[in-house]
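Just below is one structure, and these are the notes that go with it.
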Amino acid sequence: MKNFHHKATISVLGFAALFLMTVGLVTHSGTKESAVVASPASSSYSYDRTDQRRAASFSKENQVLQKKITHLQKQIKETKEELSDYGVQPATPSKQSSQAGTNLANLDYTGQDVISVDNNQPSFSEADLSLANGAWQSYGNLDQYNRPGAANAMLNQSLMPTVKREALTVDPTGWHNKRVNGQWLYNRSHLIGYQLTGQNNNFKNLITGTRQLNDPDMLKYEDEVAAYLKQSPDHYVRYRVTPIFRGNELLARGVEMEAQAVGSDAVKFHVYIFNVQPGVTLNYNDGTSQVN
Numbered sequence: 001m002k003n004f005h006h007k008a009t010i011s012v013l014g015f016a017a018l019f020l021m022t023v024g025l026v027t028h029s030g031t032k033e034s035a036v037v038a039s040p041a042s043s044s045y046s047y048d049r050t051d052q053r054r055a056a057s058f059s060k061e062n063q064v065l066q067k068k069i070t071h072l073q074k075q076i077k078e079t080k081e082e083l084s085d086y087g088v089q090p091a092t093p094s095k096q097s098s099q100a101g102t103n104l105a106n107l108d109y110t111g112q113d114v115i116s117v118d119n120n121q122p123s124f125s126e127a128d129l130s131l132a133n134g135a136w137q138s139y140g141n142l143d144q145y146n147r148p149g150a151a152n153a154m155l156n157q158s159l160m161p162t163v164k165r166e167a168l169t170v171d172p173t174g175w176h177n178k179r180v181n182g183q184w185l186y187n188r189s190h191l192i193g194y195q196l197t198g199q200n201n202n203f204k205n206l207i208t209g210t211r212q213l214n215d216p217d218m219l220k221y222e223d224e225v226a227a228y229l230k231q232s233p234d235h236y237v238r239y240r241v242t243p244i245f246r247g248n249e250l251l252a253r254g255v256e257m258e259a260q261a262v263g264s265d266a267v268k269f270h271v272y273i274f275n276v277q278p279g280v281t282l283n284y285n286d287g288t289s290q291v292n
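Numbering follows full-length UniProt numbering, with no gaps: position 231 of the sequence shown is 231.
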């Protein structure tokens, strides 16, 4: 009889323990919170709080990351405001402009140093002509060969320099200069002329250009724009100059120049100028030359 009572007691305790374990599992199933573990031989319970501690740790890490993100966003905003103060804004060349550059690179000089592109119609979009950001200038990054990309600007009197230009010291790609008939063959040619924005020794705004390319050919169009800007502080001109390289050559084949006065056709052109010099054969691969 004692043996039967002892077995019955064990069975009851075992059933009770099993019931409590089942209740614990059901209560916490489907969650990542603490689980209840019951021991058949004891009435005390221990709670595994590992997942709770992990959740608390993740929450703390997220708070730290959020603070860092907020700080970085603030820095980005402040940097954009500073760039705006300097009149600089990023510019993305249009697909149309890129395609035009590809086609121009395949042209060979046949005796006419300046030719019209797209019937002299600049390829600016409505967004390109917006004055939402006022006057600004932007220069493309150097490529793997240290060649500059397109130079863009919304020109206005406010960008024009008030001090005399300093001497140029930058040597652009393809710079192998020499005298031909007593004059230098090459100039350090600004994509956007100094008189328009005041940019001088800026690698992103300089190419190796022949004397003819720089002056008179490019200067003629730069002077036209400058004269219009000087007429009124309310005059704006959307401007883009793109150096045209063929393949991985270091000396540009020419430059594509586009300009459009905002709200007027007083200034409007789209031309391509060949980088050539009469009486000289240029090696566009490296900028060396041979007098004919």
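Note that CB positions come from ideal geometry on N, CA and C, so glycine has one too. Values in this document were obtained by computation on a predicted structure and should not be read as measured data.
### Query
Out of curiosity, what's the CA-to-CA distance linking Y284 and D108?
Taking the sequence shown and counting its residues from 1, the one referred to as residue 284 is at position 284. Taking the sequence shown and counting its residues from 1, the one referred to as residue 108 is at position 108. Computed Cα separation, rounded: 12 angstroms.
### Task
State the Cα-Cα distance for the pair K74 and D118, rounded to the nearest angstrom.
For the purposes of this step, residue 74 is taken as residue 74 along the sequence shown, with counting starting at 1. For the purposes of this step, residue 118 is taken as residue 118 along the sequence shown, with counting starting at 1. Spanning the two alpha carbons is a distance of roughly 44 angstroms.
### Local Cβ density within 10 Å of N292, reported as buried at 16 or more and exposed below that
Taking the sequence shown and counting its residues from 1, the one referred to as residue 292 is at position 292. Result: exposed.
### Task
Excluding the 5 residues preceding and the 5 following N214 in the sequence, name in chain order all residues of the same chain whose CB lies nearer than 6 angstroms to its CB.
Walking along the sequence shown from the start, residue 214 turns up at place 214. So the qualifying residues of the chain are N187, S189.
### Message
Could you give the first and the last residue of the continuous beta strand (DSSP E) run that contains T210?
### Response
As a position in the sequence shown, residue 210 is number 210, starting the count at 1. Counting along the chain, the beta strand (DSSP E) containing T210 begins and ends at 206 to 210.
### Task
Compute the beta-carbon to beta-carbon distance between H270 and Q121, rounded to the nearest angstrom, for a pair I have assumed lies under 8 angstroms.
Along the sequence shown, read from residue 1 onward, the residue named residue 270 stands at position 270. Along the sequence shown, read from residue 1 onward, the residue named residue 121 stands at position 121. At roughly 6 angstroms, the Cβ-Cβ gap stays under 8 angstroms, so H270 and Q121 are in contact.
### Task
Counting only the same chain and skipping the five closest in sequence on each side, list residues whose C-beta sits under 7 angstroms from that of E222.
Within the sequence shown, numbered from 1, the residue matching residue 222 stands at position 222. Cβ neighbours of E222 beyond the five flanking positions: G193, Q195, L196.
### Task
Please look up how many angstroms separate the CB atoms of T288 and H176, rounded, as I've assumed it's under 8 angstroms.
As a working mapping, residue 288 is identified with position 288 in the sequence shown. As a working mapping, residue 176 is identified with position 176 in the sequence shown. 5 angstroms between Cβ atoms; contact.
### Query
Considering A227, what are the terminal residues of the alpha helix (DSSP H) in which it resides?
Position 227 of the sequence shown, counted from the start, is the residue given in the question as residue 227. Its alpha helix (DSSP H) spans residues 219 to 231.
### Query
Is R240 near M154, with beta carbons less than 7 angstroms apart?
The count along the sequence shown starts at 1 and reaches residue 240 at position 240. The count along the sequence shown starts at 1 and reaches residue 154 at position 154. No, they are not a contact pair.
### Query
Short check: CB of R147 to CB of T173, under 7 angstroms?
One-based indexing of the sequence shown puts residue 147 at position 147. One-based indexing of the sequence shown puts residue 173 at position 173. Contact: yes.
#### Entry: S84 versus K204 - alpha carbon distance
Here the question's residue 84 lines up with position 84 in the sequence shown. Here the question's residue 204 lines up with position 204 in the sequence shown. In this prediction, S84 scores a pLDDT of 47, lower than 50, which makes its location untrustworthy; no coordinate-derived value is stated.
### Message
Let's test the definition: count the other Cβ atoms within 10 Å of the Cβ of A127 and tell me whether it reaches 16, buried, or not, exposed.
### Response
Translated into positions along the sequence shown, residue 127 becomes position 127. It is exposed - the Cβ of A127 has fewer than 16 other Cβ atoms within 10 Å.
### Identity of the residue in A135, Q144, N152 nearest S158 by Cα
For this step, residue 158 is matched to residue 158 along the sequence shown. For S158, the nearest C-alpha among the options comes from A135.
### Query
Run through DSSP, which three-state label would Y186 get?
Residue numbering aside, residue 186 sits at position 186 when the sequence shown is read from its first letter. It is a strand residue.
### Bounding residues of the beta strand (DSSP E) (the contiguous stretch that carries L282)
As a position in the sequence shown, residue 282 is number 282, starting the count at 1. That run of the beta strand (DSSP E) goes 280 to 282.
### Message
Suppose contacts are defined by Cβ-Cβ distances below 7 angstroms. Is G247 in contact with Y272 by that definition?
### Response
Working through the sequence shown from its first residue, we reach residue 247 at position 247. Working through the sequence shown from its first residue, we reach residue 272 at position 272. Taking 7 angstroms as the Cβ cut-off, G247 and Y272 do not qualify as a contacting pair.
### Query
Curious, which full-length beta strand (DSSP E) runs of at least 3 residues does the stretch 113 to 172 contain?
114 to 116, 136 to 139, 151 to 155
#### Entry: Cβ shell of Y139 (< 6 angstroms), same chain only, five flanking positions each side left out
Numbered from its first residue, the sequence shown carries residue 139 at position 139. Hits under 6 angstroms: A151, K204, N205.
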